[in-house]
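See structure below.
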Amino acid sequence: MEDFEIVELYWDRDENAITQSDLKYGRYCKSIAYNILFSHEDSEECVNDTWVRAWESMPPNRPEKLGAYLGKITRNLALNMYEKMKALKRGSNQTDVCLDELSEVLGHASDVQQHLDVTTLTESINRFLRTLDSETRKIFVRRYWYMSSVNEIAWQYKITPSKVKMSLLRTRDKLRTYLIKEGFEV
Amino acid sequence: MKPETLLKAMNDIDDEFIIEADKQRFRLFSPSNLKMALSVATACLFIVGSIMILPFNTRKGATGGPDTVNAPVSSYFIEDRVFDNKKSVEKSVDKDGIAVTTVMNEENQPEYSVRKVDENILEVFNLPSCNFEISREINGISYKIMGNDSMAEYVLWNRNGYNYLLSFVGSCDVDTALDIAKGIE
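Just so you know, the protein sequences line up as chains A and B, in that order.
Taking our numbering, the leading residue of the first sequence gets 4, the next gets one more, and so forth.
Taking our numbering, the leading residue of the second sequence gets 327, the next gets one more, and so forth.
Structure follows, in structure tokens:
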């Protein structure tokens, strides 16, 4: 079923929308949640919550790219769940590793200002991503949006893990410079 | 700025970047591509089956066939030479619709299975977390070995446009796993 047809089901309040979403994007959403949470059970819960959020948000929303829309909901839910669980069980999943990598360039300064400016920060990140070449951008997004491991990225794009690491290192440095230039405190 | 803030802010990056970084996965769900993939797969099965089933059966009729293989593997991706000293092979389709060949040991217990997927049609395999992961380059092919406590449980590689996943029922040492992987066509 095409994306717009599934969105139409949501707008018609037809519960088949959830079945179709699950069929088409269930595994995709679960893989996003799993990369963040590293738990099949929690990932499943996140995906189920995704359908609820999707049901609540359509209408009024009418996303053109349903996969990305559902993926964003899942990622957001998974990150929230991760934060709740972090105090209880900090493991060695990709989210922890990603946070450690980013803290190398961002530090742990108070983010009171950033709480107010998350939308602005997102816009800056979008502008920054546009400055990158396609390969570098894909590697960066796979790492920090999908939370894929370095080896998974190397496997997917058929490059060596060391090349992935080097690309990420350079991009993180560029991002830091870019954010400072944009007026953020890093 | 806390790294958590950056990760959260990244959630709402433009859809185009999310899709760009995951094109293979999105292609999987495109109905038009899925239809094309199914048509191609059907045609391939028909052609390969026509070419291989008859010669295999004829060969088996003439020679008694390889004693170690109970099921014809003509439409499968592992050549019968792989099954030397094995009791039998079983073929099935997993929940995701991927053809799976399972190789049984002398006691007729599953020993390992192999999935082979066109890299342009299906996504890469999602595996459970492992505490052991190494890569080996052999004859220009990069094999990724994953498992626990230095024992191999999975081997992944890409060859000639296909992604392969070799899964062991238990685990085995890295060299044995690589030997098996290298023998799979």
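Quick reminder that beta carbons are idealized off the backbone N, C-alpha and C, glycines included.
Neighbouring residues, chain A, relative to residue i (Cβ below 7 Å)
i	result
B:Phe343	Leu132, Arg140, Val144
B:Leu482	Trp158
B:Asn431	Within 7 Å Cβ-Cβ: nothing; B:Asn431 doesn't reach chain A, min ~28 Å.
Interface partners of residue i on chain B, CB under 8 Å
i	result
A:Phe41	Ser455
A:Leu102	Pro329, Glu330, Leu333
A:Leu105	Pro329, Leu332, Leu333
A:Val121	Thr331, Lys334, Ala335
A:Arg80	Reading off the sequence shown, one finds Leu at residue 80 of chain A, where the question assumed Arg. Here the premise fails: no neighbours, minimum Cβ distance about 10 Å.
Beta-bridge partners of residue i, as assigned by DSSP
i	result
B:Val440	B:Thr427, B:Leu492
B:Phe458	B:Gly473
B:Cys498	B:Ala478
B:Ser418	B:Val426
B:Ile467	B:Ile464
B:Asn484	B:Asn489
Chain A contact residues for residue i, given Cβ-Cβ distances below 9 Å
i	result
B:Glu437	Ordered by position in chain A, no residue passes the 9 Å Cβ test against B:Glu437, which lies about 25 Å from the chain.
B:Ile467	Result: empty, since nearest Cβ-Cβ is about 11 Å, beyond 9 Å.
B:Ile292	Given that chain B is displayed from residue 327 to residue 511, the structure contains no residue 292 of chain B and the question cannot be resolved.
B:Met477	Ordered by position in chain A, no residue passes the 9 Å Cβ test against B:Met477, which lies about 18 Å from the chain.
B:Glu459	Ser152, Asn154
Selection from the options that minimises the alpha carbon distance to residue i
i	options	result
A:Trp54	A:His43, A:Thr77, A:Lys141	A:Thr77
B:Ile474	B:Ser455, B:Arg485, B:Asn486, B:Arg462	Per the sequence presented here, residue 474 of chain B reads as Asn, with Ile not at that position. Nearest of B:Ser455, B:Arg485, B:Asn486, B:Arg462 to B:Asn474, Cα basis: B:Ser455.
A:Lys168	A:Arg179, A:Tyr72, A:Asn154, A:Thr134	A:Asn154
B:Ile345	A:Arg179, A:Arg140, A:Tyr37	A:Arg140
A:Gly186	A:Tyr160, A:Ile128, A:Asn19	A:Ile128
A:Leu12	A:Pro63, A:Tyr147, A:Ile35	A:Pro63
B:Ser439	B:Ser461, B:Ile510, B:Asp341	B:Ile510
A:Lys27	A:Gln159, A:Arg16, A:Phe7, A:Tyr37	A:Phe7
A:Gln159	B:Gly487, B:Glu416, B:Asn465, B:Pro329	B:Gly487
B:Asn457	A:Asp25, A:Gly29, A:Phe41	A:Phe41
B:Asp505	B:Ala369, B:Asp348, B:Ala478, B:Ala347	B:Ala478
A:Glu67	A:Glu5, A:Glu126, A:Gly29	A:Glu5
A:Thr3	A:Tyr85, A:Leu182, A:His43, A:Met88	Residue 3 of chain A falls outside the range modelled here, since chain A spans only 4 to 189, and no answer is possible.
B:Val495	B:Glu342, B:Asn431, B:Leu482	B:Asn431
B:Ser493	B:Val500, B:Tyr480, B:Asp501, B:Asn484	B:Tyr480
A:Glu188	A:Lys87, A:Val121, A:Lys166	A:Val121
B:Glu342	A:Lys184, A:Asp52, A:Val100, A:Leu69	A:Leu69
B:Ala367	B:Leu332, B:Val443, B:Pro329	B:Val443
A:Asn79	A:Met61, A:Asp52, A:Val100	A:Asp52
B:Asn465	B:Asn484, B:Asp338, B:Ser476	B:Asn484
B:Leu333	A:Lys75, A:Ser165, A:Asp15	A:Lys75
A:Ala81	A:Glu18, A:Lys166, A:Leu124, A:Glu47	A:Glu47
B:Asp348	A:Tyr147, A:Leu178, A:Thr163, A:Arg16	A:Tyr147
B:Ser461	A:Thr123, A:Leu132, A:Ile162, A:Glu126	A:Ile162
A:Asn19	A:Asp45, A:Trp58, A:Lys184, A:Glu86	A:Trp58
A:Glu126	B:Ala369, B:Asp338, B:Lys328	B:Asp338
Integer Cβ distance of residue i from residue j, believed to fall under 8 Å
i	j	result
B:Met472	B:Glu459	5 Å
A:Arg173	A:Val108	Not a contact, Cβ separation roughly 11 Å.
B:Leu491	B:Arg441	4 Å
A:Tyr149	A:Ile35	6 Å
B:Thr429	B:Glu437	Looking at the sequence itself, residue 429 of chain B is Val, so the reference to Thr does not match. The Cβ separation is near 5 Å, so the contact holds.
A:Leu171	A:Phe143	7 Å
A:Ile156	A:Thr98	In fact, because the Cβ distance is near 15 Å, the residues do not count as touching under 8 Å.
A:Ser151	A:Arg145	5 Å
A:Val10	A:Arg65	6 Å
A:Met84	A:Cys32	No, A:Met84 and A:Cys32 are not in contact; Cβ-Cβ is about 13 Å, not under 8 Å.
A:Leu178	A:Phe131	6 Å
Within chain A, the residues that residue i reaches when beta carbons sit closer than 8 Å
i	result
B:Glu346	Ser137, Arg140, Lys141, Val144
B:Asp340	Asn129, Leu132
Interface residues of chain B facing residue i [CB-CB closer than 7 Å]
i	result
A:Val153	Ordered by position in chain B, no residue passes the 7 Å Cβ test against A:Val153, which lies about 10 Å from the chain.
For the segment 59 to 77 of chain A, which residues have a CB atom closer than 7 Å to at least one CB atom of chain B, in sequence order? Lys68, Gly70, Ala71, Gly74, Lys75
Going along the chain, which residues of the segment 44 to 58 of chain A sit with their C-beta nearer than 7 Å to a C-beta in chain B? none
Under 8 Å (Cβ pairs) to chain B, residues found in the segment 5 to 18 of chain A: Glu5
Listed in chain order, which residues of the segment 160 to 186 of chain A have Cβ atoms closer than 9 Å to some Cβ of chain B? Lys161, Thr163, Pro164, Leu178, Leu182
Please name the residues in the segment 18 to 32 of chain A whose beta-carbon is closer than 8 Å to at least one beta-carbon of chain B, in chain order. Lys27, Tyr28, Arg30, Tyr31
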